[in-house]
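Here's the structure we're looking at; comments come further down.
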């Protein structure tokens, strides 16, 4: 397909969408990139702002008729090049579809449009005593979070988007919306279309509505920081916590350098050592029981006394800092971009995988940050490269390749939560093998025979 | 495709499988039916006993070459006609692939062959302090449980097969095994092939290996029975328990008639009223906290004092009785078969759906039993029909149709855990609409272009 759109297509787009369509360069450029390290790809030919499912249907039908690629756009916070217009086409911006359509407090679920962000949903839920736990670093859109099968700091207890999407409305290649799933908690009714679209990264169609599981706000919440003299001690404590089956709500690792970056960025005074940032949810007695067990485990590994965040404000400041570790780290090297890794391994292999990768990064001399949803066995290095240095980029890619090879050899996955996008296509091939990739290709071909949905992502 | 196999195919089968292949009528008849109400379909032309993934590959390749249907067979306990050889072909019996391949206690998971049954796995785990929670009534095979996305009494706390399968090996139409997923707890690596095969009922390929999540045996377990003067009071208590977010491990409903059947079958002396059979897992303090809350809720709804099953033996007797409710009910009408329903609705609509369906069943005059995994909003009527009476069968079908229509109107699903098989194909169409069915058909066509895998099931 040509990277430049035909005049006939652009005319049809303008006729259909009028003011909801923009071809201004600044708008297109903003939509043609994400938070990943820059790759030099021209922006989409136009940006369409969908305001309804009907708009999405019209855009899909138009793109299908003209064989033009369509890239769904939520909040622009993806990390693996998911939004790059590799084969041209339009960006379909869903941020105006941002209504919370229904909250069902009695059924612990809500139905939202895809442009609603996670913070917006939680603000809407506050009066109901409910919350939605999935929290990638950015205030991502829920449609985008479903598309990348996102998770975040609460996944160790509450699961990922895979576990928390009950039902979807999607617009597939036919341009006619389909419903997948229901509001029932479980179902054995046919193929699991919901789970197929969760994690499909816009390559099988556009998500236009989501029904999400909610949880009662815990009666008691406690958060604490525990510092460790070594990274290994922090990791070994985490492994013990998980293996004991303690229902910890959050268990996050930061290495010493990242702690320093976060301190500088958020004005915190955390001890500049590897630390675990933990949260406990439950009844007051249940939280007490969990924290006593976890304190004992951390003490066995020479962890510091727990530093408690007692008020909601203190907790929110801590988690805000954790969520901004990525941006905090970027500021330690002005002008840099981060090549991020996203491996996830079985918990028993976490120390092996993480420590070998640290040694590798140290030996390279590249600056990096390290954070981890270690309760899930998931961690992120961010190699902070000069985007204009081909040598540094190559060095970071080699580190990432070795890390992924290490994770796969240990029974893990190349992506815990960021998705495949453009940057992890080869890693996906290594992980799934030719037979797995063949099955995925067959699905893509079946649901997107013309290849209009986000072409060149997930599969090459 | 012809119902009778060609002599060339049978000769090739014998040459390939020798003694592992049987064409004896009794063997074929045993493999050509399941636990569902009898439908007059000839048995498969042959039964092949697979002993390895390589055997499965050979069988798939042979069936593909000769365009002969292949129906995977586990323990024969499916309920929706999944095993009927509607279009002829062979039954591929996987019960000899019954080895627990690896237990990873530190990662809380295990890898098994598909013929391992749930009880066999739990026996193998006993020394490790771990268990696998999914428990459909029968001692089903784990491959079959994955294929039907089974759940059971523990799903309210531990989820279903959807949530507890980490990875699979499957043999698709190519006849070459593919691996889906890894042992990592979460992943965003490409399309969720694992979830696509979970619930595919043998229509997309054959599951030859499963990696399953395990859980530490709870420190404390308490089980109790609470009787209620009315079904409604039992259901309203359940709704309140779930809406409060109490992490109850099991919450099962039996109506009075079913309690009587279970008493007679298992020699129990349960009060012949509607009852909730509950179990609580956690630390001793956590269990105490949960049971106090639930007792208070049940008392508000005029439930009886809790009758505790204190020892493992007492608990196991109770749950054995619950798991055999189906067979207990069948014995109340000698020679009968059960037409079972399987709707699942959002918890807030459970009372509406269940009570209207009871009124409908009562008005019909057909004998029935009623059990429910009510914590999930899932319940089963079994209409006990004379299999030789077309009138009774028609009457039961009408009741089921009305029940499904009711469940769908309330935001629910036609199948909570039994799958679609042969008997719920029309209900699936109603639930998913033409657009959802079109997507499922496209998937089936993509992964099984020749239509050899369990044809005529899930989709017509």
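Residue numbers (UniProt numbering), protein chains in the order written: chain E, 1 to 460; chain H, 1 to 460. All residues carry an ideal CB built from backbone N, CA and C; glycine is no exception. Keep in mind it's a predicted model, so treat the numbers as computed, not measured.
Residue range of the beta strand (DSSP E) that residue i falls in?
i, result
"residue 369/E", "368 to 373"
"residue 169/H", "165 to 171"
"residue 209/H", "206 to 213"
"residue 47/E", "46 to 49"
"residue 330/H", "Careful: residue 330/H lies outside any beta strand (DSSP E), inside the alpha helix (DSSP H) at 325 to 330."
"residue 72/H", "70 to 73"
"residue 90/E", "90 to 93"
"residue 179/H", "178 to 180"
I need the boundaries of the alpha helix (DSSP H) containing residue i, first residue and last residue.
i, result
"residue 105/E", "Premise fails: residue 105/E is in no alpha helix (DSSP H) and is neither H nor E."
"residue 85/E", "Counting along the chain, residue 85/E falls outside any alpha helix (DSSP H), and DSSP gives it neither H nor E."
"residue 121/E", "118 to 125"
"residue 13/H", "7 to 17"
"residue 237/H", "231 to 243"
"residue 363/H", "350 to 364"
"residue 285/H", "284 to 300"
"residue 307/H", "Taken as a continuous stretch (DSSP letters only), residue 307/H belongs to no alpha helix (DSSP H), being part of the beta strand (DSSP E) at 307 to 309."
"residue 60/E", "53 to 66"
"residue 531/H", "Residue 531/H cannot be examined here, being either before or after the span of chain H that is shown, 1 to 460."
"residue 400/E", "390 to 409"
For a contact defined as C-beta to C-beta under 9 angstroms, what are the partners of residue i on chain E?
i, result
"residue 420/H", "188, 189 and 190"
"residue 155/H", "185 and 186"
"residue 432/H", "178, 179, 180, 189, 190 and 193"
"residue 438/H", "172, 174, 176 and 178"
Bridge partners of residue i, per DSSP?
i, result
"residue 277/E", "225/E and 252/E"
"residue 378/H", "344/H and 373/H"
"residue 337/E", "385/E"
"residue 131/E", "215/E"
"residue 112/E", "100/E and 210/E"
"residue 21/E", "48/E"
"residue 141/H", "117/H"
"residue 220/E", "282/E"
At a CB-CB cut-off below 8 angstroms, which residues of chain H make contact with residue i?
i, result
"residue 245/E", "108, 215 and 216"
"residue 285/E", "285, 286 and 289"
"residue 198/E", "192"
Throw me the rounded Cβ distance for the residue i and residue j pair, which I believe falls under 8 angstroms.
i, j, result
"residue 439/E", "residue 178/H", "6 angstroms"
"residue 131/E", "residue 214/E", "7 angstroms"
"residue 396/E", "residue 366/E", "6 angstroms"
"residue 78/H", "residue 377/H", "Actually they do not touch by this definition, with Cβ atoms about 22 angstroms apart."
"residue 258/E", "residue 371/E", "6 angstroms"
"residue 73/H", "residue 86/H", "The Cβ separation is near 14 angstroms, so there is no contact."
Taking 6 angstroms as the limit between beta carbons, can you name the residues of its chain near residue i, skipping five residues before and five after?
i, result
"residue 357/H", "403"
"residue 353/E", "345, 406, 407 and 410"
"residue 17/E", "48"
"residue 310/H", "none"
"residue 158/H", "133"
"residue 190/E", "none"
"residue 323/H", "137"
Please list, in chain order, the chain H residues whose beta carbon lies closer than 9 angstroms to that of residue i.
i, result
"residue 253/E", "In chain order: nothing, as chain H lies at least about 15 angstroms away."
"residue 104/E", "346, 348 and 411"
"residue 278/E", "The contacting residues do not exist; residue 278/E stays about 17 angstroms from chain H at best."
"residue 417/E", "186, 187 and 188"
Quick one: residues in its chain with C-beta nearer than 7 angstroms to the C-beta of residue i, no 5 flanking neighbours on either side, listed in chain order?
i, result
"residue 256/H", "272, 273 and 274"
"residue 2/H", "Legend: pLDDT at residue 2/H = 48, less than 50; position of this residue unreliable, no value from coordinates given."
"residue 58/H", "16"
"residue 297/E", "237, 240 and 241"
"residue 268/H", "262 and 321"
What does residue i reach in chain E if we use C-beta pairs closer than 8 angstroms?
i, result
"residue 435/H", "172, 174, 176, 177, 178 and 179"
"residue 63/H", "Under the 8 angstroms cutoff, chain E gives no residues; its nearest Cβ is about 18 angstroms from residue 63/H."
Can you pull the chain E residues whose beta carbon is under 7 angstroms from the beta carbon of residue i, in chain order?
i, result
"residue 149/H", "188"
"residue 442/H", "446 and 447"
"residue 163/H", "163"
"residue 376/H", "185 and 186"
Go through its chain and collect everything with a Cβ distance to residue i's Cβ below 8 angstroms, but skip five positions before and after it.
i, result
"residue 21/H", "13, 14, 46, 47, 48 and 49"
"residue 430/H", "404, 405, 408 and 414"
Note down, in chain order, every chain H residue with its Cβ under 7 angstroms from the Cβ of residue i.
i, result
"residue 160/E", "186"
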